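If you read the sequence shown in the UniProt record's numbering, its first letter stands for residue 1, the second for the next number, and so on.
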Amino acid sequence: MSRSRNPRRRRSFTRGRSVWKNNDGRPAAQARPLAVIIGMPGAGKTRVGREAAELLGLAFTDADQEIEGRIGLGIPEYFNRNGEAAFRRQEAATVIDLLTHRPGLLSLGGGAPMTESIAQALADYSSQGGKVIYLQADPDEAMERASRAGGRPMLSGDQENRWRDLYARRHPAFMRLSDIHVRTHGSTPSRAARKLAHAIMQESVHVTGEGIEAYDVRIGEDVSNELPAVLGERPVKIALIHTQPVRQHADHARALLRQAHYKVCDICIPDAEAGKTLEVSKGIWEQLAQEGFTRSDAVVGLGGGAATDQAGFIAATWMRGIAYVNCPTSLLAMVDASTGGKTGINLPQGKNLVGSFYTPDGVLADLRALVTLPNDIFVEGLGEVAKSGFIMDQGILELLEEHGAELRAFDGASFLGSPLEPVVAELIKRTVRVKVHHVSADLKEAGLREFLNYGHTLAHAIEQLEHFRWRHGNAVAVGCVYAAELAGILGYLDQKDVDYHRNLLSSLGLPTSWRYGDWDQVLALMHRDKKARGNHLRFVILDRIGHPIHLDDPPLEALEVAFRRIQAA
1 MSRSRNPRRR RSFTRGRSVW KNNDGRPAAQ ARPLAVIIGM PGAGKTRVGR
51 EAAELLGLAF TDADQEIEGR IGLGIPEYFN RNGEAAFRRQ EAATVIDLLT
101 HRPGLLSLGG GAPMTESIAQ ALADYSSQGG KVIYLQADPD EAMERASRAG
151 GRPMLSGDQE NRWRDLYARR HPAFMRLSDI HVRTHGSTPS RAARKLAHAI
201 MQESVHVTGE GIEAYDVRIG EDVSNELPAV LGERPVKIAL IHTQPVRQHA
251 DHARALLRQA HYKVCDICIP DAEAGKTLEV SKGIWEQLAQ EGFTRSDAVV
301 GLGGGAATDQ AGFIAATWMR GIAYVNCPTS LLAMVDASTG GKTGINLPQG
351 KNLVGSFYTP DGVLADLRAL VTLPNDIFVE GLGEVAKSGF IMDQGILELL
401 EEHGAELRAF DGASFLGSPL EPVVAELIKR TVRVKVHHVS ADLKEAGLRE
451 FLNYGHTLAH AIEQLEHFRW RHGNAVAVGC VYAAELAGIL GYLDQKDVDY
501 HRNLLSSLGL PTSWRYGDWD QVLALMHRDK KARGNHLRFV ILDRIGHPIH
551 LDDPPLEALE VAFRRIQAA
């Protein structure tokens, strides 16, 4: 079943993250910090940052301590002798140097980001893929810690009023400069350090392209805490659209939104495809009208792929388009439905026949949501993951081969902190990147994006004929085998690659056959596929692994022979 490996590097997964290593096993050299921590005095940047660095096995640098070492004086004494302006010049020179030449984690003094040259350096660092993390502590807790610590020139005098005045000026700048926000309210230093470590190891995939307002797909444990930051301050009311099985995650999102002073309209819809009907959409529109939703408000879609499809459709159609954010809670939704800007609902005549292309403001794929995911729902998502490997990314196929047994035996209760967690995070990131590659060049599916529909021509027919009792990822797995059989019959694909489809998908616990008896019904539904042109059938097939092509009007005999092979398997 195995395929060729890249001989130049190997992947090593460490706790909570993946690291590319050289052939001798040494990590590749890092010339700049992995993350920069900013925040108010007393937020715990040094203590929490140092403990997080220890958890991650990284070096830690406190910019204030580095400055004191370079100037040979304590900062309070330097302030007294030379004044704030001289200190800020020294601070800027030191911080800008550290941002370029110091690996690991770097924490900055509370006022550092307010210096224009440092703010610009942080913006440049962030634009090049660095992470600026705003460590947000409870104001009362932070003021108490800052007061106990002493030695803070900017807090001399009436410390409480000075702290609040600094916060009023600095908080907007910190929000603007940071990529990630970590709230430590009520947390012990150890718990805060774990939160910070998780945030540092978040993965992010940037989505942009013609006709797309750029957004990020964030992947990691507890990324859902970023929901208020992604929404920003513009919306007043939020429609939280979710299903009953993810009530626990909806409760968490609702609490976050209310803490951020949004008015939340809670909308629970039927689970799975039953939630993607015109009747459900109509009910949501009526509720938004009753609540007085305007173009300044927003939608949050939380749940599996059907829930995020419906939420996006509502956002696209309400007042001709309002902002929305997706919080997928299943593997399938994380790698497929929540990303790429396809929104839609089903009709009795077919799946996703009504919809639009409308991109979200952000996607938060929180690995913590997978804890409550049943094994069969997790495994189903691997169908879309494997599809992305077949059409583009051999690294996905290698991971599926190497970890197939663990993935097939997925247990949400033991998932977080297990060796499987970074593997799943890597699979999600790679699959999202495959989707982004196609979407960024072809948002409205005029050509390249159609390759993402590998296996879907038959898959959608299976779902329709099985009255949606088959889950999407399982149908896609069978559809990929069908497409491979068709390509083999017509001479495009070697038999070993056809067999590879079956063997890999079977090893993951996915179905590779479908015993349905009426070929004429299947053919009729495939003619309704959205890739069809008039009465002409159009398939996506492979002429080798990783290289999809379009196949127009294949011989009907070949189509039926391929179908009989997936019946007999």
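Ideal placement from N, C-alpha and C gives every residue a C-beta, glycine not left out. Treat the numbers as computed from the prediction; the structure is a model and nothing was measured.
Cβ pair residue i, residue j closer than 8 Å
{"i": "T94", "j": "R70", "result": "yes"}
{"i": "K351", "j": "E463", "result": "yes"}
{"i": "A63", "j": "A31", "result": "no"}
{"i": "Y492", "j": "A562", "result": "no"}
{"i": "I566", "j": "L551", "result": "no"}
{"i": "L135", "j": "A43", "result": "yes"}
{"i": "residue 570", "j": "L486", "result": "Nothing about residue 570 can be read from this structure; the chain reaches only from 1 to 569."}
{"i": "L452", "j": "C480", "result": "no"}
{"i": "A193", "j": "V48", "result": "yes"}
{"i": "S513", "j": "V478", "result": "yes"}
{"i": "V36", "j": "V132", "result": "yes"}
{"i": "A137", "j": "T184", "result": "yes"}
{"i": "D361", "j": "Y215", "result": "yes"}
Alpha carbon of residue i to alpha carbon of residue j, nearest angstrom
{"i": "I391", "j": "G455", "result": "10 Å"}
{"i": "K276", "j": "A568", "result": "33 Å"}
{"i": "residue 577", "j": "R320", "result": "One cannot answer for residue 577 here, as it falls past the ends of the chain, which runs 1 to 569."}
{"i": "M154", "j": "A199", "result": "Note that M154 scores a pLDDT of 48, beneath 50, so its modelled location is shaky; the value from the coordinates is reported in the next line. So the two alpha carbons sit approximately 29 Å from each other."}
{"i": "I377", "j": "A369", "result": "12 Å"}
{"i": "H438", "j": "S126", "result": "25 Å"}
{"i": "G488", "j": "L510", "result": "21 Å"}
{"i": "F415", "j": "T329", "result": "14 Å"}
{"i": "W470", "j": "E226", "result": "33 Å"}
{"i": "I314", "j": "R247", "result": "20 Å"}
{"i": "D499", "j": "G211", "result": "39 Å"}
{"i": "V230", "j": "Y324", "result": "10 Å"}
{"i": "A53", "j": "P33", "result": "11 Å"}
{"i": "E116", "j": "I180", "result": "20 Å"}
{"i": "F87", "j": "E68", "result": "11 Å"}
{"i": "P235", "j": "A298", "result": "6 Å"}
{"i": "R564", "j": "M526", "result": "16 Å"}
{"i": "A289", "j": "A316", "result": "15 Å"}
{"i": "P374", "j": "C327", "result": "18 Å"}
Residue i: first and last residue of the uninterrupted alpha helix (DSSP H) it sits in
{"i": "V230", "result": "L227 to L231"}
{"i": "Q495", "result": "Q495 to S507"}
{"i": "D552", "result": "Run containing D552: none in the alpha helix (DSSP H); it sits in the beta strand (DSSP E), H547 to D552."}
{"i": "L448", "result": "Element bounds for L448: n/a, residue is neither H nor E."}
{"i": "D124", "result": "E116 to S127"}
{"i": "N375", "result": "N375 to I391"}
{"i": "L56", "result": "K45 to L56"}
{"i": "A289", "result": "L278 to E291"}
{"i": "D271", "result": "It is not in any alpha helix (DSSP H) - D271 carries neither H nor E in the DSSP assignment."}
{"i": "L397", "result": "Q394 to E402"}
{"i": "L99", "result": "I75 to H101"}
{"i": "D64", "result": "A63 to I71"}
{"i": "A524", "result": "W519 to M526"}
{"i": "V236", "result": "Per DSSP, V236 belongs to no alpha helix (DSSP H) and is neither H nor E."}
Cutoff 6 Å; reference residue i; Cβ partners in own chain excluding five residues on either side
{"i": "A337", "result": "G305, T308 and D309"}
{"i": "G473", "result": "L332, E380, G381, G383 and E384"}
{"i": "D266", "result": "L240"}
{"i": "L353", "result": "L347"}
{"i": "D497", "result": "I545"}
{"i": "F468", "result": "E273"}
{"i": "K195", "result": "V182"}
{"i": "G404", "result": "S507 and L508"}
Start and end residues, beta strand (DSSP E) containing residue i
{"i": "D543", "result": "R538 to R544"}
{"i": "Q136", "result": "K131 to Q136"}
{"i": "H252", "result": "Here H252 belongs to no beta strand (DSSP E); instead the alpha helix (DSSP H) covers R247 to Q259."}
{"i": "A35", "result": "P33 to I38"}
{"i": "L106", "result": "G104 to S107"}
Close beta carbons around residue i, own chain, < 7 Å, minus the five adjacent residues each side
{"i": "F293", "result": "K237, A239 and W318"}
{"i": "E203", "result": "I219, G220, A425 and K429"}
{"i": "V280", "result": "I269, P270 and Q310"}
{"i": "A558", "result": "L486, I489 and L490"}
{"i": "R528", "result": "G350"}
{"i": "L399", "result": "V423, E426 and L427"}
Proximal residues to residue i (C-beta, below 8 Å), its chain only, five neighbours per side dropped
{"i": "E406", "result": "P419, L420 and V423"}
{"i": "I396", "result": "V385, A386, S388, G389, L427, R430, T431 and V434"}
{"i": "A119", "result": "P113, A173 and L177"}
{"i": "H252", "result": "S224"}
Contact with chain D by residue i, beta-carbon distance below 8 Å
{"i": "G292", "result": "As a matter of chain content, chain D is missing from the structure shown, which is built from one protein chain."}
Distance cut-off 7 Å: residue i Cβ against heavy atoms of the ligand ADP
{"i": "E233", "result": "The ligand ADP is not part of this structure, which contains no ligands at all."}
Ignoring anything shorter than 4 residues, give me the alpha helix (DSSP H) runs that lie fully in the region 450-479, in order along the chain. Taking only runs of at least 4 residues, the alpha helix (DSSP H) segments lying wholly in the region 450-479 are 456-465.
Which runs of the beta strand (DSSP E) fall wholly inside the region 154-229 and span at least 3 residues, in chain order? 180-183, 203-209 and 212-220
Runs of 4 residues minimum, wholly inside the region 309-382: which ones carry the alpha helix (DSSP H) assignment? none
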